[in-house]
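Since the structure comes first, as structure tokens, the remarks are kept for the end.
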Amino acid sequence: MRSALVLATTAVLLGGGVIALPQSASAAVVDTNATYVLVNRNSGKALDVYDLATNDGARISQYTRNDGAWQQWKFLDSGNGYYRLRSVHSGKVLDIEGSSTADRANVIQWTDRGATNQQFRLADSAGGHVRLINRNSGKAVDVLDFSTADGAQLIQWPDTGDNNQQWQLVKLGSTAPGTFANPIKRNGPDPWLQYHNGYYHLATTTWNSTITMRRSRTLAGLSTAPDQVIFNLTRPNGCCNMWAPEFHLLNGRWYLYYVAGQNVQDFNPTQRLHVLEAAGSDPMGPYSFKADLGSTWELDPSILQHNGRLYLMGSATDGTQSLTITPLSNPYTISGTRRTISQPTLSWERQTHPVNEGAEPLYRNGRTMIVYSASACWGPDYKLGLLTLTGTDPLNRAHWTKSPNPVFQRNDGNGVFAPGHNGFFKSPDGTEDWIVYHANDSAGGGCDMNRSTRAQKFTWNADGTPNFGTPVRLGTQLAAPSGEPTS
């Protein structure tokens, strides 16, 4: 039911002889070649095709912004200041159901007929927001009952100018010089990012039989850089389900570590660790297959370096999914027994399911640390924990000390859930420390390809531990890493 306060206020204004009309339109300008996300001023949520539907008549709602194709819209010029809004996801346009002129008529999507109930003009509101006024009814696109909930229905209602009728047009791919905005890759789980020889290089899970990488001179540029296939998986015991690629420069040559298995369900006993070797010092390769790293189920390879020695880190099961470490004699040869160094024993490591995985090395001022992912990746509470080497032997579990609290976790207020599976990189000038990670945009997000790659700068606490802060909202403009080229 509509707010009684709004109706009462309208009646008082009319009864007193003062007609309070919303600010008149001044024909807000859009770029018909661009793609936009529309963010509601009242809720902060995006205009969204509900449940990723592609059929005629599917409802249009609001949902936590994630910049998915179902939240992306193109403006098609209908003449005389009116536009049709076409969904990038479905190819259908915004439509008032049944060409209705009634209050509370539903906003849906429908095949583009160019009809007046599919045409909207942009009426300007304060702060750069706009109202979408339907050509057929003269009414505004409105979030029902001022809701701030995910999935709230959109309707048409008389143009009151209220915040729930105002939308910010966010032009995708447009950031101010010297800035960037997350995500830096949509559909980019398990990211690994390194800056080398003037370029950022990014690899993520593909969940198929290819390993891909993209590169850009700026962090912002990664969002539109093409993925290039750098290796095709052909080995019988590791043809498919490629996860968690990482590339490390060791002894002047790049080695790319990854998880792959047979072409069966992804979470299964066939997943193994493997390594490729580059022909030289280019992270993009070319690569050749070098070795299998173990013959049992294991995930999330990474390399720890300590006192001139190399160690392979991973995640395997010893009753629960735990962090493992194995000595290496060189980047591709195991030289000892795999040991468990951390199990999910704390309550925050056991939400939805007990898990320790995604171990990543972090070094500072002679201190060796591991930042790892905890709890289930298919739940909203996936997060990061910290181990510090307080002894001398990385293979000895007793020489690692676990921080009692997580160091990076969900931020409901910013719409960030399940942040984890991270990596670290330096700014181009080497003065700043950055974390790269994936996250979901809603509490219902899963452990799948819908997770997106994000990055942000971090600092250090007085005790020498990292301070990652809180994960930032998608679309927030952030200063680019120090030393990036400006043109």
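In mature numbering (1 follows the signal peptide of the UniProt record, and there is no 0), the protein residues as written are -27 to -1, 1 to 460. The beta-carbon is built from N, C-alpha and C at its ideal position, and this holds for glycine as well. Remember, it's a predicted structure, so these values are computed and weren't measured experimentally.
Give the C-beta separation of residue i and residue j to the nearest angstrom, bearing in mind that I take them to be a contact with Cβ-Cβ under 8 Å.
i           : j      : result
Phe381      : Pro367 : So it is not a contact: roughly 23 Å between Cβ atoms.
Pro317      : Thr293 : 6 Å
Phe220      : Ala193 : Actually they are not in contact, since the Cβ atoms of Phe220 and Ala193 sit about 22 Å apart, beyond 8 Å.
residue 463 : Tyr23  : Absent from the structure is residue 463, since the part of the chain shown begins at -27 and ends at 460.
Val10       : Gln35  : Val10 to Gln35, Cβ: 11 Å. No contact.
Arg59       : Lys47  : 5 Å
Val116      : Ser16  : 6 Å
Rounded to the nearest angstrom, what separates residue i and residue j at their Cα positions?
i           : j      : result
Cys420      : Trp216 : 12 Å
Asp68       : Leu285 : 55 Å
Ile106      : Asp132 : 8 Å
Arg86       : Asp29  : 12 Å
Pro162      : Lys375 : 25 Å
residue 462 : Asn378 : An answer regarding residue 462 cannot be provided, because it is not within the stretch -27 to 460 covered by the chain.
Ala(-1)     : Lys399 : Residue placement at Ala(-1) is flagged as unreliable, the pLDDT there being 44, under the threshold of 50; a coordinate-derived value is accordingly withheld.
Gln129      : Asn90  : 11 Å
Thr365      : Ala371 : 10 Å
Thr8        : Ala42  : 10 Å
Leu362      : Tyr172 : 32 Å
Ser189      : Thr426 : 15 Å
Gln126      : Thr37  : 13 Å
Gly418      : Gly267 : 32 Å
Can you tell me which of the three DSSP states residue i falls into?
i       : result
Ser346  : strand
Asp24   : helix
Phe441  : coil
Gln92   : coil
Gly309  : coil
Gly52   : strand
Gly30   : coil
Leu447  : coil
Arg188  : strand
Ala75   : coil
Thr459  : coil
Trp321  : helix
Asn136  : helix
Ile(-9) : Reliability fails at Ile(-9), whose pLDDT of 29 lies under 50, so the model's placement of it is uncertain and no value is given.
Glu330  : strand
Ser275  : strand
Trp130  : strand
Asn387  : helix
Asn405  : Note that residue 405 is Glu in the sequence shown here, rather than Asn. Three-state result, Glu405: coil.
Pro454  : coil
Gly124  : coil
Gly396  : strand
Ala149  : coil
Asp118  : helix
Ala416  : coil
Gln316  : coil
Ala371  : helix
Gly258  : coil
Ser(-2) : Bear in mind that a pLDDT of 39 at Ser(-2), under 50, signals an unreliable position, so the number given afterwards is only what the model happens to contain. Here Ser(-2) sits in coil by DSSP.
Which word fits residue i, buried or exposed, when buried means at least 16 other C-beta atoms lie within 10 angstroms of its C-beta?
i      : result
Asn170 : exposed
Ala453 : buried
Ala113 : buried
Tyr345 : buried
Leu25  : exposed
Ala435 : exposed
Trp433 : exposed
Arg187 : buried
Ser320 : exposed
Can a CB atom of chain B be found closer than 8 Å to the CB of residue i?
i     : result
Ala19 : Of the protein chains in this structure there is only one, and it is not chain B.
When you measure from the CB of residue i to every non-hydrogen atom of the ligand PLP, does any distance come out below 7 Å?
i      : result
Pro377 : By its list of ligands, the structure shown contains no ligand whatsoever, and the ligand PLP lies outside what it can speak to.
Quiz item: Is the number of C-beta pairs between the stretch 438 to 451 and the stretch 179 to 186 that are closer than 8 Å three or more?
Solution: no
Quiz prompt | Meets three-Cβ-pair contact criterion under 8 Å: the stretch 44 to 56 and the stretch 71 to 78 | solution = Short answer: they don't touch.
Practice problem: Kindly confirm or deny that the stretch 334 to 341 and the stretch 244 to 264 touch, where touching means at least three C-beta pairs closer than 8 Å. | Solution: Not touching, per the Cβ criterion.
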